[in-house]
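Mapping of the sequence shown onto our numbering: residues 651 to 724, in sequence order.
Even glycine gets a Cβ: it sits at the ideal position worked out from N, Cα and C.
Before any comments, here is the structure.
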Amino acid sequence: MACWNVPQGGGVSLSSTNQGMTLQLAIRSITPDDAGTYTCKARNRLGHDVESSTLVVQCTLSTLLRRRRLRSRF
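Printed below as a string of structure tokens:
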């Protein structure tokens, strides 16, 4: 069994697939709000493991301003 802990505040729309011995995480339509630490926790009859990775999202100033304008409309 494996599960992902994702940062709070992002609009993460993710899918997780198990390809043999590899658990993959796909983040769709990534935004700066999705930045943060993602942690995978796995456990089976042989033991358990925890791994974390930090996602940094870089974008242009115009992209940030466009996102803010879109958010303010709703």
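| task | My understanding is that Asp684 touches Val707, with C-beta atoms under 8 Å, so please give their C-beta distance in whole angstroms. | result | As a first step, residue 684 is located in the sequence shown; it is residue number 34 there, counting from the start. As a first step, residue 707 is located in the sequence shown; it is residue number 57 there, counting from the start. At roughly 6 Å, the Cβ-Cβ gap stays under 8 Å, so Asp684 and Val707 are in contact.
| Nearest residue (CA-CA) to Cys653, options Ala676, Ile680, Cys690 and His698 | Start at 1 with the first residue of the sequence shown, and residue 653 comes out as number 3. Closest option to Cys653, Cα to Cα, is Cys690.
| query | Which partner residues of Leu705 appear in the DSSP bridge assignment? | reply | Walking along the sequence shown from the start, residue 705 turns up at place 55. Answer is Gly686.
| Cβ separation of Tyr688 and Ser703, assumed to be a contact under 8 Å, to the nearest whole Å | Numbered from its first residue, the sequence shown carries residue 688 at position 38. Numbered from its first residue, the sequence shown carries residue 703 at position 53. At roughly 5 Å, the Cβ-Cβ gap stays under 8 Å, so Tyr688 and Ser703 are in contact.
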